[in-house]
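Trainee: Residue numbers (this note's numbering), protein chains in the order written: chain A, 1181 to 1385; chain B, 55 to 209.
Here a beta-carbon is modelled for each residue, glycine too, at the ideal position from N, C-alpha and C.
Structure provided below as structure tokens; questions to follow.
Take a look at the structure:
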């Protein structure tokens, strides 16, 4: 096998920890949002307090996304540094898939799945299997995003006014994002732990 | 994405299905000269090449990857035989998607003055997809030809 020492190991434990904490915060905020939607109802949904809450939530979501992408890039590069060959594309493309229409429906799942597999036995990663939690995370994530988009479109059609349909779809979206966030936090933690063990084994060999 | 080489011996193959032109393997397990193993995941292999992928076959194996599509496109076996084969199904599929989505976009613009989003995205994506699959095939051909002087040591 031709070797291409293009990637160097970079510590990703700190980024993984930050991403997990932000994902827990995202899950907590989704729980609060779902509770608020049930408690407040459509008529009171456009108060200043709700507006500020949604703004804060958007900022946490943005920080979560950036931190996750940084971790995904490093984790993808690190398994290559540990000897994983023939992985899909580059670490940059692994993040880029999230932004390519249609491809972002399945390629990010494959990227995270392969990073998980390569984190355990980098040199023979294709012989590793991935846990079903990765598929569950992806189903919850995609379904939540589809509902969020539909909810947003309904609001848009009504001049950014909350309607009962948009509120219920938003509630369902939050209920899907809670497990999606928790599952992703667990996946990041598991993959990171596997990488550290794989690196330790490679160092000791 | 690209091409690579494994020198070793096939230890196990899991054939998923065999069609008229190509075979799909769930996995192919190679034993490397240093004693370790290497697994090649779900693979599409042209049948000329697939006929050489039997447990015990020793030699040099030529592999390709294009996104999540991977396979074995050539073998130079220790018994002196060599075989190459690379399917173009994905290239033709990309051209098909391009033609159908281009027609859909063109007719929609003529009929309703607007292009449908899905067809437009498919139209745009089909071009890099075609180029990617074509480049992988060209790389595979060049790789196999460039290595034509290689003769694996007899087991």
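Is the number of C-beta pairs between the segment 1299 to 1318 of chain A and the segment 1246 to 1262 of chain A that are closer than 8 Å three or more?
Mentor: The segment 1299 to 1318 of chain A, when compared against the segment 1246 to 1262 of chain A, does touch it at the 8 Å Cβ threshold.
Trainee: Can you name the start and end residues of the alpha helix (DSSP H) that residue 1220 of chain A belongs to?
Mentor: Unbroken alpha helix (DSSP H) run through residue 1220 of chain A: 1193 to 1220.
Trainee: Which ranges would you report for the beta strand (DSSP E) in the segment 1304 to 1355 of chain A if only whole runs of at least 3 residues count?
Mentor: Listed in chain order, nothing qualifies, since the segment 1304 to 1355 of chain A has no complete beta strand (DSSP E) run of 3 or more residues.
Trainee: CA-CA distance, residue 1371 of chain A and residue 1296 of chain A?
Mentor: Looking at the two C-alpha atoms, the distance is approximately 5 Å.
Trainee: What does a CB cutoff of less than 7 Å around residue 1187 of chain A pick up in its chain, not counting 5 residues either side in sequence?
Mentor: Closer than 7 Å at the Cβ level, and outside the excluded window around residue 1187 of chain A, lie 1257, 1260 and 1261.
Trainee: Would you decide whether residue 189 of chain B is buried or exposed? Buried here means 16 or more other CB atoms lie within 10 Å of its CB.
Mentor: Answer is exposed; the Cβ neighbour count stays below 16.
Trainee: Suppose the cutoff is 8 Å on Cβ atoms and the five residues either side in sequence are ignored; what does the same chain contact list for residue 84 of chain B look like?
Mentor: Taken in chain order, the residues that qualify are 60, 62, 63, 64, 65, 91, 92, 93, 94 and 115.
Trainee: Does the distance from the CB of residue 1242 of chain A to the CB of residue 1314 of chain A come in under 9 Å?
Mentor: The answer is no: Cβ separation not under 9 Å.
Trainee: Do residue 56 of chain B and residue 210 of chain B count as a contact pair if the criterion is CB distance below 9 Å?
Mentor: A question about residue 210 of chain B goes unanswered here, because the residues of chain B that appear run from 55 up to 209.
Trainee: Taking a contact to mean a Cβ-Cβ separation below 9 Å, would you say residue 1216 of chain A touches residue 1233 of chain A in this structure?
Mentor: Against a cut-off of 9 Å, the Cβ pair of residue 1233 of chain A and residue 1216 of chain A comes out as a contact.
Trainee: Whole angstroms is fine: what's the gap from residue 1374 of chain A's alpha carbon to residue 1316 of chain A's?
Mentor: Cα to Cα, residue 1374 of chain A sits roughly 20 Å from residue 1316 of chain A.
Trainee: Below 8 Å between beta carbons is the criterion; list the residues of the segment 1337 to 1350 of chain A that meet it against any residue of chain B, in chain order.
Mentor: Within the segment 1337 to 1350 of chain A, no residue has a Cβ that lies closer than 8 Å to any Cβ of chain B.
Trainee: Would you kindly work out how many angstroms separate the C-alpha atoms of residue 1382 of chain A and residue 1376 of chain A, rounded to a whole number?
Mentor: If you take the alpha carbons of residue 1382 of chain A and residue 1376 of chain A, they lie about 10 Å apart.
Trainee: Below 6 Å CB to CB, which residues in the same chain sit around residue 1328 of chain A once its five sequence neighbours on both sides are set aside?
Mentor: Here the set comprises 1353.
Trainee: Residues in its own chain within less than 7 Å of residue 1195 of chain A by CB, not counting five upstream and five downstream?
Mentor: Contacts found: 1247, 1250, 1251 and 1254.
Trainee: Taking any Cβ of chain C, which residues in the segment 1249 to 1274 of chain A have a Cβ under 9 Å from it, in chain order?
Mentor: Going by chain labels, chain C is absent from the structure shown, which instead holds the protein chains A and B.
Trainee: What's the C-alpha gap between residue 1322 of chain A and residue 1290 of chain A?
Mentor: Using only the alpha carbons, I get a separation of about 14 Å.
Trainee: Determine the chain B residues that contact residue 1290 of chain A at a beta-carbon separation under 7 Å, and present them in chain order.
Mentor: Those within 7 Å of residue 1290 of chain A in chain B are 122.
Trainee: How far does the beta strand (DSSP E) with residue 213 of chain B in it extend, from its first residue to its last?
Mentor: Absent from the structure is residue 213 of chain B, since the part of chain B shown begins at 55 and ends at 209.
Trainee: When you compare the segment 167 to 177 of chain B with the segment 124 to 136 of chain B, are there three or more beta-carbon pairs, one atom per stretch, that lie closer than 8 Å?
Mentor: Flag = no, the segment 167 to 177 of chain B and the segment 124 to 136 of chain B do not touch.
Trainee: Please classify residue 214 of chain B: is it buried, with 16 or more other beta-carbons within 10 angstroms of its beta-carbon, or exposed?
Mentor: It is not possible to answer for residue 214 of chain B, since the shown part of chain B is limited to 55 through 209.
Trainee: Run the CB neighbour count on residue 204 of chain B, radius 10 Å, all protein chains shown included, and call it buried at 16 or more, exposed below.
Mentor: Exposed: under 16 other Cβ atoms inside 10 Å.
Trainee: What number of angstroms, rounded off, separates the C-alpha of residue 1384 of chain A from the C-alpha of residue 1378 of chain A?
Mentor: Spanning the two alpha carbons is a distance of roughly 10 Å.
Trainee: Going by beta-carbon coordinates alone, are residue 144 of chain B and residue 120 of chain B separated by less than 9 Å?
Mentor: Going by C-beta atoms, residue 144 of chain B is nearer than 9 Å to residue 120 of chain B.
Trainee: Specify, as a first and last residue, the run of the alpha helix (DSSP H) that residue 160 of chain B falls within.
Mentor: Per DSSP, residue 160 of chain B belongs to the alpha helix (DSSP H) from 143 to 166.
Trainee: Just confirm the distance between the C-beta atoms of residue 191 of chain B and residue 142 of chain B, as a whole number of angstroms; I'd bet it's less than 8 Å.
Mentor: Between residue 142 of chain B and residue 191 of chain B the Cβ distance is about 7 Å, and since that is below 8 Å, they are a contact.
Trainee: Smallest Cα separation from residue 1266 of chain A: which of B:67, B:76, B:88 and B:96?
Mentor: Of B:67, B:76, B:88 and B:96, the residue nearest in Cα terms is B:96.
Trainee: Do we get a CB-CB distance below 9 Å when we pair residue 1334 of chain A with the residues of chain B?
Mentor: No, because no Cβ of chain B sits closer than 9 Å to the Cβ of residue 1334 of chain A.
Trainee: Please report the straight-line C-alpha distance between residue 1276 of chain A and residue 167 of chain B, rounded to a whole angstrom.
Mentor: Cα to Cα, residue 1276 of chain A sits roughly 32 Å from residue 167 of chain B.
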